[in-house]
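Here the numbering used here is used: position 212 in the sequence shown is 230, and no number is missing along the way. Backbone N, C-alpha and C fix where the C-beta goes; we use that ideal spot for every residue, glycine too. Working notes, structure below.
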Amino acid sequence: MSGHAHGHQSEAEATAMFEPPSWDERYSGPEKVWSGQPNPQLVAEVTRLTPGTALDVGCGEGGDVIWLAQQGWKVTGADFSANGLARAARHAEQAGVADRVDFWQVDARAFAAEGRTFDLVTSHFLHPPDGGMVEVTRRLTDAVAPGGHLLVVGHAPSEVFTQLSASHRKAMFVAEELLPALPENFEPLVVEQRPRTAVRDGVTVEIADSTLLARRTS
Numbered sequence: 019m020s021g022h023a024h025g026h027q028s029e030a031e032a033t034a035m036f037e038p039p040s041w042d043e044r045y046s047g048p049e050k051v052w053s054g055q056p057n058p059q060l061v062a063e064v065t066r067l068t069p070g071t072a073l074d075v076g077c078g079e080g081g082d083v084i085w086l087a088q089q090g091w092k093v094t095g096a097d098f099s100a101n102g103l104a105r106a107a108r109h110a111e112q113a114g115v116a117d118r119v120d121f122w123q124v125d126a127r128a129f130a131a132e133g134r135t136f137d138l139v140t141s142h143f144l145h146p147p148d149g150g151m152v153e154v155t156r157r158l159t160d161a162v163a164p165g166g167h168l169l170v171v172g173h174a175p176s177e178v179f180t181q182l183s184a185s186h187r188k189a190m191f192v193a194e195e196l197l198p199a200l201p202e203n204f205e206p207l208v209v210e211q212r213p214r215t216a217v218r219d220g221v222t223v224e225i226a227d228s229t230l231l232a233r234r235t236s
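Take a look at the structure:
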């Protein structure tokens, strides 16, 4: 049996995971890659906010975009995978929310708000290599409107992820590590690792979602 069967990857394969072509390939098959369910920290934090405009960066197949639209938000889903965005658009249509949603093809690592601002900017499980999430978070703050919120959620480093490559593990972060990315006019509201159970290869494991919620004060 090759190492692949056990989920081990070479560094080259692992690093390719951070690039658009490998995601286009993942999204090219007929089956869904993700559950389509909204991320739990999004539901926990956003349920109490007044719906307005939202930007979801790294939206993939659009599970969070659709949930936000169903809650009354006007949502832009951004992702670097054209195939992912095409799927998200199809899912939004099937869910009956296509009129509340639009899409934007952009790589989070080169993200520029270009003058567009949103009441909510959210990103879930985007893990650019080598601690790159601090820089991505800094870029995302530019897209938050005054009084708006930024929610960034990712995997906290965990023993559960030992089968991943070193570059993948280095891409994980705890919420505190993102604080230097916040400009002075942002007030951190939630900075914590939230435990939850997840199923990995049929086994229920304890993992933690690093959760940063901040509000732009002016």
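From the DSSP output, which residues share a beta bridge with I225?
Looking up residue 225 in the sequence shown gives position 207. BP columns for I225 point to R214.
What are the complete alpha helix (DSSP H) segments, minimum 4 residues, inside the stretch 121-164?
151-159
Reduced DSSP secondary structure (H/G/I, E/B, other) of G76
If you number the sequence shown from 1, residue 76 lands on position 58. Coil.
Cβ neighbours of D42 in the same chain (closer than 7 Å, five flanking residues each side left out):
Stepping through the sequence shown from its first residue, residue 42 is reached at position 24. Excluding sequence neighbours, D42 sits near S99, A100, N101.
With a threshold of 8 Å on Cβ separation, who are the neighbours of D125 within its own chain once the five nearest residues in sequence on each side are excluded?
As a first step, residue 125 is located in the sequence shown; it is residue number 107 there, counting from the start. Closer than 8 Å at the Cβ level, and outside the excluded window around D125, lie P38, F98.
What does F204 pair with, by DSSP beta-bridge criteria?
Translated into the one-based positions of the sequence shown, residue 204 becomes position 186. The partner list for F204 (beta bridge, DSSP) reads R234.
Could you spell out the range, first to last residue, of the beta strand (DSSP E) harbouring G220?
Translated into the one-based positions of the sequence shown, residue 220 becomes position 202. From DSSP, G220 is part of no beta strand (DSSP E); its letter is neither H nor E.
Look up G102 in the DSSP assignment and say whether it is helix, strand or coil.
Here residue 102 refers to the residue found at position 84 when the sequence shown is read from its first residue. If DSSP states are grouped into helix, strand and coil, G102 belongs with the helices.
Spatial neighbours of E205 in its chain, beta-carbon cut-off 7 Å, leaving aside the 5 residues before and after:
As a position in the sequence shown, residue 205 is number 187, starting the count at 1. Excluding positions up to five away in sequence, the list reads A232, R233, T235.
DSSP state of L197, grouped into three classes?
On the sequence shown, position 179 is the one that residue 197 refers to. Looking at L197 - three-state DSSP - the assignment turns out to be helix.
Could you have a look at W115 and say whether DSSP puts it in helix, strand or coil?
Taking the first residue of the sequence shown as 1, we reach residue 115 at position 97. The amino acid occupying residue 115 in the given sequence is Val; Trp does not appear at that position. Looking at V115 - three-state DSSP - the assignment turns out to be coil, as it is neither helix nor strand.
Pairs of beta-carbons, one from the stretch 134-145 and one from the stretch 159-178, closer than 8 Å: are there three or more?
yes
In terms of DSSP beta bridges, what is T71 paired with?
Counting from 1 along the sequence shown, the entry for residue 71 is found at position 53. In the DSSP output, where bridge partners are listed per residue, T71 has K92.
Mind the definition here: the stretch 60-73 touches the stretch 81-88 only if three or more C-beta pairs lie below 8 Å; say whether that holds.
yes
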